[in-house]
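**Student:**
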Amino acid sequence: MRAARRLRRPLAAGGRFALLAAFVAFCAFPFYWMLITAFKSTTDLIEVSHNPLVFNAPPTLAHVRQLFVETQFGQWLLNTLAVGVAVVAITLVLAVPAGYALARLAGRGGHRLAIGIFLTYLVPPTILFIPFARIIAVLGLQDSLWSLVLVYPSFTVPFCTWLLMGFFKAIPPELEEAAMIDGLSRLGAFVRVAVPVAISGVLATVIFTLTLVMQEFVYGLTFITSSSAYTVAVGVPTFLVRGDVYFWGAIMAACLIVSLPIAALFTLFIDRFVAGFTVGAVKQ
Amino acid sequence: MIAPGQAPPGAAERPRIVPRAEASAPAPRRGDARADADPAAKIEARALSKGFAEVSAVAAVSLAVRNGEFLVLLGPSGSGKSTLLRMIAGLETPSSGDVLIDGAVVTDLAPRSRNVAMVFQSYALYPHLTVFENIAFPLRARGVRGRALERRVLDASAAFGLEPLLRRKPRQLSGGERQRVALVRAIVREPTVLLLDEPLSNLDAQLRATAREELREFQRRVGTTAIYVTHDQVEAMALGDRIAVLDRGALRQVGSPHEIYEDPADTFVATFIGSPPMNLVRTAGALLGVRPEHLLPRTHFAAAEPITALPVRVGRVEYLGADRLAYGTLDDPWPHDPVVVRWPSTIAAALRAGERQQLFARDTDLKRFDPGTGRRAQ
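These protein sequence lines are chains A and E, in that order.
Counting along the first sequence from 1, when you hit position 226 you're at 226 in our numbering, and nothing is skipped either side.
Count along the second sequence starting at 1, add 284, and that's the number in our numbering.
#1: With 7 angstroms as the C-beta to C-beta threshold (strictly closer), list the residues of the region 410-436 of chain E near chain A in chain order.
#2: Excluding the five sequence neighbours on either side, which residues of its own chain have a C-beta within less than 8 angstroms of the C-beta of Asp-615 of chain E, listed in chain order?
#3: Would you report the Cα separation of Thr-630 of chain E and Gly-539 of chain E, rounded to the nearest angstrom?
#4: Mind pulling the chain A residues with CB within less than 8 angstroms of Phe-404 of chain E?
#5: Reducing DSSP to helix, strand and coil, say where Glu-434 of chain E ends up.
#6: Return the chain-ordered ranges of every beta strand (DSSP E) run that is complete within the region 601-642 of chain E and spans a minimum of 3 residues.
#7: For Gly-109 of chain A, which residues in chain E fall below 7 angstroms Cβ to Cβ?
#8: So Glu-519 of chain E and Leu-484 of chain E are supposed to be a Cβ contact under 8 angstroms. How far apart are they, rounded?
#9: If Thr-60 of chain A and Phe-39 of chain A are in contact, beta carbons under 8 angstroms, what's the gap, nearest whole angstrom?
#10: Confirm, please, whether the CB-CB distance from Lys-326 of chain E to Val-349 of chain E is below 7 angstroms.
#11: According to the neighbour-count rule (16 or more other Cβ atoms, all chains shown, within 10 Å of its Cβ), is Glu-482 of chain E buried or exposed?
#12: How would you call Cys-27 of chain A, buried or exposed, if buried means at least 16 neighbouring beta carbons within 10 angstroms?
#13: Buried or exposed for Asn-51 of chain A, please, with buried defined as at least 16 other CB atoms from any protein chain shown within 10 angstroms of its CB.
#14: Which class does Arg-566 of chain E belong to by DSSP, given the choice of helix, strand or coil?
#15: Taking C-alpha atoms, which residue in A:Glu-47, A:Val-54, A:Ala-101, A:Val-83 lies nearest to Val-191 of chain A?
#16: Quick one, which of E:Ala-331, E:Ser-406, E:Gly-430 has its alpha-carbon nearest Glu-417 of chain E's?
#17: Just to confirm the assignment, what range does the beta strand (DSSP E) spanning Asp-516 of chain E have?
#18: Can you check which of these residues, A:Thr-37, A:Phe-247, A:Arg-112, A:Leu-212, is closest to Pro-125 of chain A by C-alpha distance?
#19: Candidates A:Val-234, A:Ala-194, A:Gly-116: which alpha carbon is nearest Leu-145 of chain A's?
#20: Does the distance from the C-beta atom of Asp-607 of chain E to that of Pro-628 of chain E stay below 7 angstroms?
#21: Would the region 545-558 of chain E count as touching the region 364-376 of chain E if we require 3 or more Cβ pairs under 8 angstroms?
#22: Figure out for me which residue from A:Leu-256, A:Tyr-230, A:Gln-75, A:Ala-98 has the closest Cα to the Cα of Ile-202 of chain A.
#23: Between Ala-549 of chain E and Gly-599 of chain E, which are expected to be in contact by the criterion C-beta below 8 angstroms, what is the C-beta distance as a whole number of angstroms?
#24: For chain A, is any of its Cβ atoms less than 7 angstroms away from the one on Leu-564 of chain E?
#25: Gly-573 of chain E by DSSP, collapsed to three states: which one?
#26: Report yes if the CB atom of Arg-451 of chain E is closer than 7 angstroms to the CB atom of Thr-508 of chain E, and no otherwise.
#27: Report the residue from A:Thr-120, A:Ala-103, A:Ala-264 whose alpha carbon sits nearest the alpha carbon of Ala-170 of chain A.
#28: In chain order, what residues of the same chain lie with their CB nearer than 8 angstroms to the CB of Ala-254 of chain A, ignoring the 5 residues before and after it?
#29: Do you know offhand how far Ser-200 of chain A's Cα is from Gly-243 of chain A's?
#30: Give a yes or no on whether the minimum CB-CB distance between Arg-396 of chain E and chain A is below 7 angstroms.
#31: Can you name, in chain order, every residue of its own chain whose Cβ lies under 8 angstroms from the Cβ of Leu-433 of chain E, other than the five neighbours on each side?
#32: For Val-83 of chain A versus Leu-148 of chain A, is the C-beta spacing smaller than 7 angstroms?
#33: Residues in the same chain with beta-carbon distance under 8 angstroms from Thr-225 of chain A, minus the five sequence neighbours each way, listed in chain order, please.
#34: Closer than 7 angstroms by C-beta to Thr-205 of chain A: which residues in its own chain qualify, once you throw out the five before and the five after it? Chain order, please.
#35: Using the beta-carbon of each residue, which ones in chain A are nearer than 8 angstroms to Val-400 of chain E?
#36: Can you name, in chain order, every residue of its own chain whose Cβ lies under 6 angstroms from the Cβ of Phe-266 of chain A, other than the five neighbours on each side?
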């Protein structure tokens, strides 16, 4: 009995290690692939006899140079960042109070309203871009980054409202009641207590919004025509895929530059991100 | 000597709890705190009512709390005691009636304008702030800044031994430390009244007794009028200068712990207070209440004392160390109603299952209740 247990413990530890190693490899492989592809010489990339997992020829910066010199990648990065910051600001201004209100209205139709808001997130851009195109035209925002600033909140606000509702629901109402008795108004209790306590939810909202903005393609493609106003998600496939020629090195360099900061942010906040999301889903 | 007589017809079930129709009856007979009878009242509730979706949570409660008093609101869950407290705090809007603080009607004022402080069941410490900032919070909210703020926080913390904890966050504190921080945060701005909503119920039994003692000592030191909500009668008896007993939104009795225990206003108070509760026996025209510890052998009474014989057929005996509890039924000539007898270990007499014990109670220890309304009968 005891011997069996003594044997089982290292086995279990080994099994856990193998499972984790496999999972880490699965998650890290895309980054590794992007990394080596971005710095491999083109001949090394296309030579079939070469081992694709390692450098067979010395690494090169040619693809990165191509990205920044031959395309407007730097401009696209700035565009994406500008749109991202603006959309994050709009999303926070709308979703933080909305999520709080829905969390505290629970039981008074708030839950149904919350589900209704979440459902609007599920309407895909491939349907919405047609009416949006008309609206953008009426407002005269064609080919302007403002069109994206206007349109992106249509999916970031519902999702982030839902996400923040979960975080606010996890805060006991007693905290705000204590703040109100301690001398604050309802609004004061929201600003000084509820928001600081739910700050991880707000951070999750920021990360999520940035991610959505960086990967959005359909609206970017339809509303923007001049290459200098492209976002990364539109510019890279437009300029680095010519006919059936894929500039893999440059594409991977672009992907790497964009995805690393996002991956780092997610790694820092993933626990809280998941926590806030499931709280809203499980507790009524 | 009180005659047993026959049980009146229709009294087959003992009305341990007063019928629903009685819930909104006028204020109880004994220890009645009438709204306009006490000019020294610090806090007053005048015919305060609150209904939630057709259910009456608090029904026309009138209550006056004296300056410096520690008043306990006691009742089972759903009795409306928390709702009453929250209406005094301003967290719930009454359906009708008024709340007065220092003689002024505050019914329509926001919680922050009432200068009340509240300690919640969970303590509701702000988790993102340090102990110092938690205590400073109500002062900052009132515009206290700079050195004055720092001095008041430090003085209050020092008085209750919180100085070593000032830089910690609430999650780094023990249950007892949290209570102290919550209390100091509540009194640092010198509130008119301190409201406490079951602050001890999150603590384990061992810590609770210490925390209770500390809480009472705290209130004596600061001298603030306090209203304390609990469902625990032991807490209520130990802490309260007076106890207000609530049941289903109605005030049953207000009085000192002694009055509440020895002189219950109705069968609800009689059976809610005391563990085990008061025995109720059907007699002709009245319910007779007798506490389990008042049923004793003949040798415990002087010869001239007016006493009543209450023979008990013992069914089961529980040995609890300091006490023995005997569960049985009354025997002829009384109706065979279930009774509990509680004897301290100082009584050496045998108490055996299956035996008929000739027990007695002082006539002054027998309380008569109206079998219809459950109220005390003269």
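Using N, Cα and C, we set each Cβ at its ideal position, and we do this for glycine too.
**Tutor:** Judging by the given coordinates:
#1: Tyr-410, Pro-411, His-412, Phe-421, Pro-422, Ala-425, Arg-426
#2: Counting only Cβ-Cβ distances below 8 angstroms, and skipping sequence neighbours, we find Pro-595, Val-596, Arg-597, Arg-640.
#3: 30 angstroms
#4: Glu-174, Glu-177, Ala-178
#5: helix
#6: 607-614, 622-628
#7: Correct list: empty, because the minimum Cβ distance to chain E is about 14 angstroms.
#8: Glu-519 of chain E to Leu-484 of chain E, Cβ: 6 angstroms. Contact.
#9: 6 angstroms
#10: One thing to note: Val-349 of chain E has its Cβ within 7 angstroms of the Cβ of Lys-326 of chain E.
#11: buried
#12: exposed
#13: exposed
#14: strand
#15: Of the listed residues, the one whose Cα sits closest to Val-191 of chain A is A:Ala-101.
#16: E:Gly-430
#17: That residue, Asp-516 of chain E, is in no beta strand (DSSP E); it is neither H nor E in DSSP.
#18: A:Leu-212
#19: Distance check between Leu-145 of chain A and each of A:Val-234, A:Ala-194, A:Gly-116 places A:Val-234 closest, using alpha-carbon atoms only.
#20: Their beta carbons are under 7 angstroms apart, which means Asp-607 of chain E touches Pro-628 of chain E by this criterion.
#21: In this structure the region 545-558 of chain E does not touch the region 364-376 of chain E; the number of beta carbon pairs closer than 8 angstroms is below three.
#22: Strictly speaking, residue 202 of chain A in this sequence is Val, with Ile absent from that position. Considering only alpha carbons, the answer is A:Ala-98.
#23: No, Ala-549 of chain E and Gly-599 of chain E are not in contact; Cβ-Cβ is about 31 angstroms, not under 8 angstroms.
#24: no
#25: strand
#26: no
#27: A:Ala-103
#28: Leu-67, Phe-73, Val-232, Val-236, Leu-240
#29: 45 angstroms
#30: yes
#31: Ala-420, Leu-423, Arg-424
#32: yes
#33: Gln-142, Asp-143
#34: Thr-91, Leu-92, Ala-95, Cys-160, Leu-163, Leu-164
#35: Residues of chain A with a Cβ closer than 8 angstroms to the Cβ of Val-400 of chain E are, in chain order, Ile-181.
#36: none
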